[in-house]
Amino acid sequence: MSAFDYSEIPVGFYDRVARGGGNAIRRAWHLQKFHRIRDCLPGHGGLSILDVGCFAGTFLSLLDATNFSRQVGVDILPEQVAYANAHYGNAHRRFIAIEDVTQIHELGETFDCVTAIEVIEHLHADVIENLMANVAATLEPNGYFVMSTPNYASAWPLVELVLNRVSDVSYEEQHVTKLNAFNLETKLARISPSFARYFRLEMKTTTHFVTPFLAPLGFDTVMRVAAAVPHKRWRMPFGNLCLAVFRRTTEAL
Numbered sequence: 000m001s002a003f004d005y006s007e008i009p010v011g012f013y014d015r016v017a018r019g020g021g022n023a024i025r026r027a028w029h030l031q032k033f034h035r036i037r038d039c040l041p042g043h044g045g046l047s048i049l050d051v052g053c054f055a056g057t058f059l060s061l062l063d064a065t066n067f068s069r070q071v072g073v074d075i076l077p078e079q080v081a082y083a084n085a086h087y088g089n090a091h092r093r094f095i096a097i098e099d100v101t102q103i104h105e106l107g108e109t110f111d112c113v114t115a116i117e118v119i120e121h122l123h124a125d126v127i128e129n130l131m132a133n134v135a136a137t138l139e140p141n142g143y144f145v146m147s148t149p150n151y152a153s154a155w156p157l158v159e160l161v162l163n164r165v166s167d168v169s170y171e172e173q174h175v176t177k178l179n180a181f182n183l184e185t186k187l188a189r190i191s192p193s194f195a196r197y198f199r200l201e202m203k204t205t206t207h208f209v210t211p212f213l214a215p216l217g218f219d220t221v222m223r224v225a226a227a228v229p230h231k232r233w234r235m236p237f238g239n240l241c242l243a244v245f246r247r248t249t250e251a252l
């Protein structure tokens, strides 16, 4: 992990942002991200999903129980996990506090899908390697691993600079591993030499090119515009977030 103290982030902060508290741009950013990730997941019912770095549980709260009848979120922040369970925990969805990524495999469960939404950038290389090994051990053969991370070949560095100056949450110390749309697979393979053995890339694109920044002009309209082009048809590499879908190979650990 980075040296940033994540416990300083107010409990439920990003969930309140996504639910309409505060800045329209920030709300659009988070909701569009979650919708894009959701659209990358398979649509048939009775699936299971693990959200790594679930924070306050917002993403899983957007998933229908018919499609995902078993939902688990894990995070290293017990206060955020408690918030998630209090607000979104139910018979099919639960949130678990863990000390580090090595405990993911210790859950003793396997999943059809695993998500890591803006998680990788917060981790040093050795932790990423451990995370990938745990995801590989947890994911069913041909299961989906969906991840997003800032695209440092876009305007994101400028966005990050502005956020560090005007936001009450700084990203300067949080982001320690910087990927982009051009080096994402090769850098992950360099960090985790076994990555290509256990995962195959199914789809890679970018998102958040401009629409979140237009949210003050009309939030609902901007959300419709953002959803108008399916992610599989969007091949422009300069959106502010990288979005990738990997499938678990049948290679045994």
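Each residue of the sequence shown is one higher than the last, beginning at 0 in numbering that gives the first Met the number 0.
Glycine included, each C-beta is placed from N, C-alpha and C at the ideal position.
Remember, predicted model here, so these are calculated numbers, not experimental data.
Exposed or buried, what is PRO149 when buried is set at 16 or more other beta-carbons lying within 10 Å of its beta-carbon?
buried
Between the segment 173-183 and the segment 117-124, do at least 3 Cβ pairs fall closer than 8 Å?
yes
Using DSSP bridges, identify the partner residues of ASP74.
ALA96
Would you mind reading off the limits of the alpha helix (DSSP H) that contains PHE194?
194-197
On the three-pair Cβ rule with 8 Å, is the segment 22-40 touching the segment 236-250?
yes
Which ranges would you report for the alpha helix (DSSP H) in the segment 4-66 if only whole runs of at least 4 residues count?
12-17, 23-39 and 57-60
Provide the residue(s) that pair with ALA243 in DSSP beta bridges, ordered along the chain.
MET146 and LYS203
Do CYS112 and LEU46 have their beta-carbon atoms positioned less than 8 Å apart in this structure?
yes
With VAL145 and LEU40 assumed to form a contact (beta carbons below 8 Å), what rounded beta-carbon distance in angstroms separates them?
Confirmed, Cβ separation roughly 6 Å.
Backbone CA spacing between GLY217 and ALA90 [nearest angstrom]:
Here the C-alpha atom of GLY217 lies approximately 36 Å from the C-alpha atom of ALA90.
Are there 16 or more other CB atoms within 10 angstroms of the CB of PRO140, so buried, or fewer, so exposed?
exposed
First and last residue of the uninterrupted alpha helix (DSSP H) at PHE218:
Element bounds for PHE218: 218-227.
C-alpha distance - PRO211 paired with ALA226, whole-angstrom precision
12 Å
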